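Below is one structure, written out as structure tokens; comments come after it.
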Amino acid sequence: MALPAERDGLFRAPQSLVLEAHVPSLAAYRESYRRSVEEPHEFWDDIAKEFYWRSQHSGPFLKYNFDVTKGKIFIEWMKGATTNICYNLLDRNVNEKKLGDKIAFYWEGNEPGDSMKISYSELLHKVCQFANVLREQGIKKGDRVSIYMPMIIELVVAMLACARIGALHSIVFAGFSADSLCERILDSNCSLLITADAFYRGDKLINLKQIADEALQKCKDKDSPLKNCIVVRHLGREEELVSDGICSKSPPLKRLCQDVQTPWNSHVDLWWHELMKNASKECEPEWCDAEDELFILYTSGSTGKPKGVVHTVGGYMIFTAATFKYVFDHHPEDIYWCTADIGWITGHSYLTYGPLANGATSVLFEGLPIYPDVSRMWSIIDKYQVTKFYTAPTAIRLLMKYGDEPVKKYSRKSLKVLGTVGEPINPEAWLWYYRVVGEERCPIVDTFWQTETGGHVLTPLPAATPMKPGSATFPFFGVVPAILDESGEELEGEAEGYLVFKQPWPGIMRTVYRNHQRFETTYFKKFPGYYVTGDGCKRDKDGYYWITGRIDDMLNVSGHLLSTAEVESALVEHSSVSEAAVVSHPHPVKGECLYCFVTLRDGQKFTTALMDELRKQVREKIGPIATPDYIQHAPGLPKTRSGKESWFTLLRYTVWEASSRAPGVCRPGSPGGRESPECSQWGSAV
1 MALPAERDGL FRAPQSLVLE AHVPSLAAYR ESYRRSVEEP HEFWDDIAKE FYWRSQHSGP
61 FLKYNFDVTK GKIFIEWMKG ATTNICYNLL DRNVNEKKLG DKIAFYWEGN EPGDSMKISY
121 SELLHKVCQF ANVLREQGIK KGDRVSIYMP MIIELVVAML ACARIGALHS IVFAGFSADS
181 LCERILDSNC SLLITADAFY RGDKLINLKQ IADEALQKCK DKDSPLKNCI VVRHLGREEE
241 LVSDGICSKS PPLKRLCQDV QTPWNSHVDL WWHELMKNAS KECEPEWCDA EDELFILYTS
301 GSTGKPKGVV HTVGGYMIFT AATFKYVFDH HPEDIYWCTA DIGWITGHSY LTYGPLANGA
361 TSVLFEGLPI YPDVSRMWSI IDKYQVTKFY TAPTAIRLLM KYGDEPVKKY SRKSLKVLGT
421 VGEPINPEAW LWYYRVVGEE RCPIVDTFWQ TETGGHVLTP LPAATPMKPG SATFPFFGVV
481 PAILDESGEE LEGEAEGYLV FKQPWPGIMR TVYRNHQRFE TTYFKKFPGY YVTGDGCKRD
541 KDGYYWITGR IDDMLNVSGH LLSTAEVESA LVEHSSVSEA AVVSHPHPVK GECLYCFVTL
601 RDGQKFTTAL MDELRKQVRE KIGPIATPDY IQHAPGLPKT RSGKESWFTL LRYTVWEASS
661 RAPGVCRPGS PGGRESPECS QWGSAV
């Protein structure tokens with residue numbers, strides 16, 4: 001049993017895990033890290049050799065510029081080398097590694113007992129079929145495809161089919177609104193939308209196709225070139241439509257017998273199952289340059305307009321593969337479960353690309369952590385004998401509220417490594433996770449990274465890193481952090497300031513889609529020569545890094561980055577509101593929540609009905625994840641001398657309000673059904 005050395009506050013992995021680890025000691029980590037920084041070409045080339053390359057790079061292995069004063073910002077890894085990431089995830093594992101019969105995914109539906117599984121060979125066949133469907137629809141290399149789907153196997157099939165033919169997938173979280181979906185379709189100029197009829201989130205039925213249709217109408221009004229929408233029949237399936245090897249023979253009636261009214265336009269809409277019927281199971285991959293674009297994923301920006309983060313084929317592939325292997329200490333017999341939704345970067349990197357690149361078996365979960373009861377997660381861990389478990393601090397804090405008993409009802413003896421993602425974890429939650437869930441035998445990898453970084457940049461390695469509760473510890477291989485003061489000077493030793501990185505790693509984003517100037521301004525202008533994360537950080541006397549939170553106009557709510565400007569814009573669109581300001585407020589489960597101040601137009605009254613309307617407006621414009629927890633009437637907003645709202649004054653007021661319960665503040669009630677405000681954040685990591 002791994003017990004803390006109380007005198008130094010460190011927690012260590014059990015010897016049984018150390019003996020089989022890829023990186024078994026702190027000394028081994030330091031040596032590999034030294035090599036990755038001093039000899040990046042050789043270090044990453046060794047990892048790249050594990051994958052198939054149609055041709056080798058023709059120029060330098062790495063070429064980059066991080067200094068805006070010296071010209072255009074660019075990063076190139078292995079430019080000129082050609083490969084296909086889908087081929088490496090599937091064909092290589094089936095044909096070279098002989099993993100065709102190995103389970104790629106266990107799918108666990110919203111309802112207990114609604115489950116499926118799919119092997120690597122079956123997944124390859126499905127992906128090839130749908131890749132052929134995409135080509136029949138006129139999709140070609142470089143085209144963009146929007147995907148708006150629940151957590152089902154077809155989501156993985158769709159994204160890998162895009163990668164197989166060189167099309168860029170742009171996945172939009174299924175909790176986003178029609179406006180948010182429309183905005184992302186228009187910005188990326190998508191040629192096709194893929195969605196599903198509907199899905200359950202707990203007891204709540206979400207008609208996804210109806211939301212998609214609203215978005216498509218908005219796109220049509222703005223002259224979008226998108227012509228077709230492919231629809232998966234997820235609810236109300238007929239048995240003969242799913243007797244192809246990926247579905248269980250007796251699925252629960254709740255999903256399969258649901259009478260969902262799916263809106264349909266025969267000029268636009270196409271059923272997935274009908275297109276797949278006669279599609280070939282063989283599809284030659286499109287060979288892509290290592291620096292070709294792989295996907296676009298939108299993340300909130302400080303100006304309010306989401307940024308289309310672009311990742312590329314080669315660097316992203318080797319970085320997600322390496323981080324998955326070493327951070328989770330992956331071994332062939334592991335069963336891995338990442339609870340994040342694929343609509344977020346964690347679901348891209350650590351539920352799809354990273355695990356499949358390593359030939360891993362993963363759990364893909366559609367549901368919520370407390371539906372139908374608060375033991376659901378622990379029952380799933382026992383059901384599939386999960387060994388590596390990766391979730392968000394929000395989920396941990398939510399489940400802590402229900403005490404230890406729901407956890408201890410289940411064995412969890414299979415667990416070896418626990419992970420956290422999306423936001424800093426407070427020490428109290430870390431210790432509960434370690435002591436109750438992991439029974440003091442599972443190291444916790446508290447990972448810091450961003451949509452923009454592609455993968456882990458600060459993280460413990462399970463057997464190598466002595467852990468401190470709440471610390472992201474040390475940099476991953478190839479990552480060189482620094483802490484800067486306001487003037488841009490590097491701080492040595494114990495310090496607190498801006499977290500930046502001094503050189504690129506293979507998985508770093510390459511640009512903001514169709515807006516390279518925004519990429520340079522957001523990440524490189526403030527401190528030339530560095531990638532600026534937007535996060536504050538402190539380094540302690542032992543060299544451990546601690547993330548202190550955002551230091552720009554962004555909020556981290558349950559692992560979601562939300563733009564204050566985006567929420568403010570949604571509020572002032574209401575006819576009663578003249579001004580709005582949004583700041584963060586501490587929340588026991590979500591970490592941070594939205595505290596909104598509104599100034600009303602003359603003659604308007606601040607009422608409960610108005611607060612409900614404003615919450616509804618934000619939900620419709622952005623999505624449920626952005627629903628304000630607090631709305632405060634402010635006859636006037638404090639301003640700085642330049643005329644901007646005084647963020648500091650408002651933030652200081654929210655701290656005072658928390659203890660004094662000022663009038664005029666209201667918290668939202670729970671959404672319909674059994675879904676609480678905390679549960680609506682589930683699957684959000686990063």
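The sequence shown begins at 1 in the UniProt record's numbering and counts up one residue at a time. The beta carbon of each residue, even a glycine, is placed where N, CA and C say it ideally should be. Owing to the predicted nature of the structure, the values given are computational and were not obtained by experimental measurement.
Nearest to residue i (by Cα), restricted to the options the options
| i | options | result |
| --- | --- | --- |
| S471 | P393, K525 and V532 | P393 |
| K541 | F519, Y523, F527 and E496 | E496 |
| T459 | C442, L431 and V421 | V421 |
| residue 693 | A21, R34 and P285 | As displayed, the chain neither begins before 1 nor continues past 686, which places residue 693 out of reach and without an answer. |
| E111 | Q503, F501, M377 and E423 | M377 |
| K97 | V157, S32, P332 and K72 | P332 |
| residue 692 | T564, L90 and P263 | Since the displayed the chain opens at 1 and closes at 686, residue 692 lies outside it and no answer follows. |
| N132 | L364, I118, V386 and C283 | C283 |
| Y371 | P635, Y52 and G113 | G113 |
| L134 | L431, G549, W272 and R255 | W272 |
| S58 | A81, W44, V37 and D67 | A81 |
| T69 | P528, S569, A570 and G478 | P528 |
| A174 | D341, A429 and T607 | D341 |
| Y630 | R397, M611 and T387 | M611 |
| I139 | V157, V479 and A161 | A161 |
| S266 | D213, E620, C219 and D223 | D213 |
| E428 | G493, M276 and I396 | I396 |
Outcome for residue i when other beta-carbon atoms lying within 10 angstroms are tallied against a minimum of 16
| i | result |
| --- | --- |
| H587 | buried |
| H560 | buried |
| T312 | buried |
| S250 | With a pLDDT of only 42 at S250, under 50, the local geometry of the prediction cannot be trusted, and no value is derived from it. |
| L399 | buried |
| L89 | buried |
| D602 | exposed |
| residue 739 | As displayed, the chain neither begins before 1 nor continues past 686, which places residue 739 out of reach and without an answer. |
| D289 | buried |
| E405 | exposed |
| S575 | exposed |
| R54 | exposed |
| A27 | exposed |
Sequence-distant residues of its chain with Cβ nearer than 6 Å to residue i (five each side left out)
| i | result |
| --- | --- |
| L168 | R144, E293, F295 and I296 |
| E76 | K63 and E291 |
| Y384 | Y106, I335 and V363 |
| L10 | P466 |
| S16 | none |
| E579 | T599 and L637 |
CB of residue i within 7 Å of CB of residue j, strictly
| i | j | result |
| --- | --- | --- |
| V310 | T511 | yes |
| P462 | D329 | yes |
| V577 | Y595 | no |
| Y402 | V374 | yes |
| P628 | R615 | yes |
| Y52 | N93 | no |
| H234 | D269 | no |
Where the beta strand (DSSP E) through residue i begins and ends
| i | result |
| --- | --- |
| W546 | Y545 to R550 |
| N65 | L62 to N65 |
| I194 | L192 to A196 |
| G308 | K307 to T312 |
| W272 | W272 -> not in any beta strand (DSSP E); alpha helix (DSSP H) instead, spanning W272 to M276. |
Proximal residues to residue i (C-beta, below 8 Å), its chain only, five neighbours per side dropped
| i | result |
| --- | --- |
| H125 | K281 |
| R164 | N84, C86, Y87, V127, C128, A131, C283, P285 and E286 |
The alpha helix (DSSP H) enclosing residue i, as first and last residue numbers
| i | result |
| --- | --- |
| G236 | Neither: G236 is in no alpha helix (DSSP H) and is coded neither H nor E. |
| F519 | H516 to Y523 |
| A357 | G354 to A357 |
| K408 | E405 to K408 |
| A165 | Sequence inspection shows Ile at residue 165; the Ala mentioned does not correspond to that position. Note, I165: alpha helix (DSSP H), I153 to I165. |
| L610 | T608 to K621 |
| R35 | L26 to E38 |
| L123 | Y120 to E136 |
| H267 | It is not in any alpha helix (DSSP H) - H267 carries neither H nor E in the DSSP assignment. |
| G591 | Unbroken run through G591 is the beta strand (DSSP E), G591 to L600; no alpha helix (DSSP H). |
| E492 | Premise fails: E492 is in no alpha helix (DSSP H) and is neither H nor E. |
| T533 | No alpha helix (DSSP H) contains T533, which is instead part of the beta strand (DSSP E) from Y531 to R539. |
heavy atom of the ligand ATP below 6 Å from residue i C-beta
| i | result |
| --- | --- |
| H125 | What this structure holds is no ligand at all, so the ligand ATP is not there to describe. |
Chain-order list of residues whose beta-carbon lies under 7 Å from that of residue i (same chain, five-residue window excluded)
| i | result |
| --- | --- |
| G672 | Residue confidence for G672 is low, a pLDDT of 29 falling below 50, so the modelled location carries little weight and cannot support an answer. |
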